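Okay, so here's the structure we're looking at.
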Amino acid sequence: MTSPGPVRVRVAPSPTGDPHVGTAYMSLFNLAFARQQGGQFLLRVEDTDRARFRADSEQQVYDTLHWLGLDWDEGPDKGGPYAPYRQSERLDTYRPHVDRLLADGHAYLCWCSGERLTQMREDQQKRKVPTGYDRLCVGKTEAERAALPGFSPTPVVRMLVPDDVPLSFVDLVRGEVHAPRPDDQVILKSDGFPTYHLAVVVDDHLMGITHVVRGEEWISSTPKHLLLFDWLGWERPEFAHMPLLRNVDKSKISKRKNPAARLTWFQEQGYLPEALLNFLGLLGYSLPEADKEIFTFEEMSASFDWKRVNTVGPVFDLDKLGWLNGHYVRELSEADFAERALPFLQRAGLVADPASADQLAALAAVVPLVQTRVAVLSELPDLVRFLFVAEDDFAVDPAAAVKALGEGSAAVLTAAADALEGVQDWSAEKVQAAVDGALLEDGLGLKRGKAYTPRRAAVGGASSAPPLPESIALLGRERSLQRLRAAASPDGGVR
Ligand code: GLU
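Count along the sequence shown from 1, add 212, and you get the number used in my numbering.
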């Protein structure tokens, strides 16, 4: 036996739309293993499915994986000793291997038209027999086959799967695995593109991949891949099939049904990459300290062991992710939080791009009040709108004030404004003391709740805001008084 070379693993996304959360999950596990082993992690773009190809998808894969800090050593954008790393640029690489399989009798040309194959499948389903190619083309020349119905002049190439194909293999995560008998898989399409099954084997071999780490949906394909490795006389890599991420109802996470299947969704919602990474790790892996739920990539990688990978479909529980995210949000320094929050306020149109010095100062001032109050950053604009909104666009909510206090609202708001006029040192404490004095037992004699609601509506508007005295302190004397008086005035709607 040759001595084992360095570990080389890969993630092989197909650029067919917004990157799937599974791409990050697979990248995380591949990379954790590669880093632990001092090996390499490759990114290979599997773009041979031209019907589903989307041009912007590859860049989105790069952007979202970079956002998560999952970086690769070789890839289409980086190059490397086995370039090109995009399968559509490797078409010449596959053909000789197909020719060899044909010459050795492990593969054959199939001229069956799409219509014939559909018909055949429908018949099989009707007769309740296993579906699969019926081998009409096996052993026929083109001329012989052309004499029969359902002929297409542009053939595909199929594997001739032997009767005694081994159906079990050893998986690093699952031990011995049994897979169903494969069909005579198409390996070269009529457009000259290889299918995934051929390209993955050729590229994993040529790129020196030692461990194929991928989703469990590929278990049933593995016997076909092993046949190809054997037929081509290549050493088999090891296989690790990760459990698929599942919805709470245990169904497979799909981009059509669940927005959380799209990696860009997590960015839009304002999840922190470190939280999502921890969450994905937690879904498939447990640290030796079994109860430890909060861990870094480095901790996961250092302890990495295939035996610690779960085999039961982990449930994608967004409540859990929200909890983890809240934890990571609170861990951020105030400056870091402000920096990450800024794009969300810009997108909501509350802060200009680039932000003015005043806006940055307001953001820095409000951070201590909101950092503990959000689970995801997209909740921020609502919390701080009262502070950033232009005064002309500010909508008082007099209806809420009237509802809370009925006829007395205007008096409450006016009394609060009058009391605030006298505040010298404009701080949350002084604001609170002055307003309490005017509205509670020493003043109008109101209960705290009754004194609070109209002011909240007047100062915060329809959006929720941090605690009221702090909100008033941040908003400043001028704007606070203006809002209280406007809400109390007849055309403010409160009488
Ligand atoms: N292109 C395949 C996919 O999109 C990769 C599967 C594999 O890793 O072998 O899932």
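Heads up, the beta-carbon is just placed ideally off N, CA and C, and yes, glycines get one too. Source: prediction; values computed, not measured.
Quick check: the Cα distance between residue i and residue j, rounded to an integer number of angstroms?
i    : j    : result
T287 : G688 : The residue you asked about is not Thr; residue 287 is Gly in the sequence shown. G287 and G688: Cα-Cα distance of roughly 53 Å.
K467 : G493 : 20 Å
I421 : Y274 : 21 Å
L254 : F598 : 48 Å
F245 : F507 : 16 Å
L595 : L680 : 12 Å
A685 : S545 : 23 Å
K436 : P406 : 14 Å
E543 : G482 : 15 Å
V586 : D383 : 42 Å
K338 : R328 : 15 Å
S590 : F549 : 13 Å
R707 : G534 : Because R707 sits at a pLDDT of 47, beneath the cut-off of 50, its placement in the model cannot be relied upon, and the point is left open.
V460 : P367 : 44 Å
A612 : T260 : 59 Å
R247 : L277 : 16 Å
T476 : V414 : 31 Å
F363 : H453 : 38 Å
T214 : R520 : Since pLDDT at T214 reaches only 45, below the 50 mark, its modelled position is unreliable, and the value read off the structure follows with that caveat. Going from the Cα of T214 to the Cα of R520 covers about 28 Å.
G217 : G427 : 24 Å
S701 : A622 : 7 Å
A576 : I465 : 39 Å
V643 : V635 : 7 Å
V582 : H539 : 14 Å
K462 : H390 : 22 Å
K708 : P610 : Residue 708 lies beyond the range of the chain shown here (213 to 707); nothing can be said about it.
W323 : A473 : 38 Å
P666 : L617 : 7 Å
D604 : A698 : 12 Å
S432 : V385 : 15 Å
V588 : P365 : 57 Å
R448 : T584 : 51 Å
G387 : D416 : 22 Å
G655 : G661 : 15 Å
R458 : G496 : 11 Å
E551 : G326 : 55 Å
F600 : Q479 : 23 Å
P179 : Q272 : Lying before the first or after the last residue shown, residue 179 is absent from the chain, which here runs from 213 to 707.
Using a Cβ-based criterion (distance less than 7 Å to any ligand heavy atom), does residue i qualify as near the ligand GLU?
i    : result
S239 : no
I258 : The identity of residue 258 in the sequence shown is Glu, whereas the question assumes Ile. Yes, since a heavy atom of the ligand GLU falls inside the 7 Å radius drawn around the Cβ of E258.
V412 : yes
R426 : yes
W518 : no
Y306 : no
P296 : no
W430 : yes
P435 : no
S466 : no
S226 : yes
Y709 : In the structure displayed, the chain extends from 213 to 707; residue 709 sits before or after that span and is not available.
Given a cut-off of 8 Å, decide if residue j and residue i are closer than it, judged by their beta-carbon atoms.
i    : j    : result
D396 : Y345 : yes
H563 : L484 : It should be noted that the sequence gives Val, not His, for residue 563. No.
L438 : F381 : yes
L441 : V424 : The sequence given here places Phe at residue 441; Leu does not occur at that position. Not in contact: F441 and V424 (Cβ atoms no closer than 8 Å).
L499 : E511 : yes
R370 : V398 : yes
R695 : V608 : yes
A645 : L693 : no
N522 : A487 : no
T228 : S269 : yes
R256 : Y297 : yes
A592 : A553 : The residue asked about is misnamed: residue 592 is Leu in this sequence, not Ala. Going by C-beta atoms, L592 is nearer than 8 Å to A553.
S683 : A677 : yes
A631 : A650 : yes
Q249 : V223 : no
V624 : A574 : no
Y306 : M419 : no
Practice item. Within the stretch 350-416, note down every full alpha helix (DSSP H) run reaching 4 residues or more, in order along the chain. Key: Fully enclosed alpha helix (DSSP H) runs of 4 or longer: 354-358.
Practice item. With a floor of 4 residues, list each alpha helix (DSSP H) that falls wholly inside the stretch 533-577, ordered by position along the chain. Key: Correct list: 546-559.
Check your understanding: What runs of the beta strand (DSSP E), each 3 residues or longer, lie entirely inside the stretch 417-466?
Key -> Here the runs fully enclosed are 423-427, 450-454.
Exercise for review: For the stretch 253-332, list the alpha helix (DSSP H) runs that are entirely contained and at least 4 residues long, ordered along the chain.
Suggested key: You should have 269-279, 303-315.
Point to revise | Inside the stretch 597-622 only - alpha helix (DSSP H) runs reaching at least 4 residues | key: The stretch 597-622 contains these whole alpha helix (DSSP H) runs: 610-617.
**Study point:** Within the stretch 625-695, ranges of the alpha helix (DSSP H) (whole runs, at least 4 residues)
**Key:** The qualifying runs are 640-651, 660-672, 680-687.
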